[in-house]
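Residue numbers (this note's numbering): 293 to 425. Glycine included, each C-beta is placed from N, C-alpha and C at the ideal position. These numbers were taken from a predicted model, which means no experiment stands behind them.
Following this line, the structure appears as structure tokens:
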């Protein structure tokens with residue numbers, strides 16, 4: 293599978309809520325660099341993060357555009373996050389089913405045909421403004 297197809301499959305699984313399938317696209321030593329917080333290392337840590345996110349948020353990514361370098365070892369994606377805040381996340385505003393819409397992007401490192409790094413960025417202050425109002 294080429295890099296663009298790998299990233300597309302990863303996001304297709306995300307949008308369908310198939311988090312176990314998402315794990316199949318990850319390298320065993322994956323590093324997950326989140327917008328705020330520590331780096332999560334390994335598939336188990338990534339799976340725990342997905343479980344937490346599934347409890348607190350329902351999201352669909354739209355307008356996905358995927359970029360990859362010629363070597364196929366680096367990629368990026370730009371997209372819109374369309375979400376619903378389901379359960380209060382510690383340190384964040386109280387969840388009451390609020391909806392939000394944010395531009396976001398991710399950067400990837402590919403190793404051995406799998407995603408070895410995911411770095412995601414979005415505007416947390418804008419998300420907070422949308423759900424707190």
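DSSP state of residue i mapped onto helix, strand, coil
{"i": "residue 354", "result": "strand"}
{"i": "residue 327", "result": "coil"}
{"i": "residue 372", "result": "strand"}
{"i": "residue 403", "result": "strand"}
{"i": "residue 377", "result": "strand"}
Spatial distance of residue i from residue j (CA atoms)
{"i": "residue 390", "j": "residue 359", "result": "31 angstroms"}
{"i": "residue 308", "j": "residue 347", "result": "15 angstroms"}
{"i": "residue 404", "j": "residue 424", "result": "42 angstroms"}
{"i": "residue 362", "j": "residue 319", "result": "20 angstroms"}
{"i": "residue 296", "j": "residue 366", "result": "10 angstroms"}
{"i": "residue 355", "j": "residue 401", "result": "21 angstroms"}
Any C-beta of chain D under 8 angstroms from that of residue i
{"i": "residue 299", "result": "Among the chains in the structure shown there is no chain D, since it carries only a single protein chain."}
Residue i vs residue j beta-carbon contact at 8 angstroms
{"i": "residue 328", "j": "residue 384", "result": "no"}
With 16 other Cβ atoms within 10 Å as the buried cut-off, status of residue i
{"i": "residue 410", "result": "buried"}
{"i": "residue 344", "result": "exposed"}
{"i": "residue 331", "result": "exposed"}
{"i": "residue 364", "result": "exposed"}
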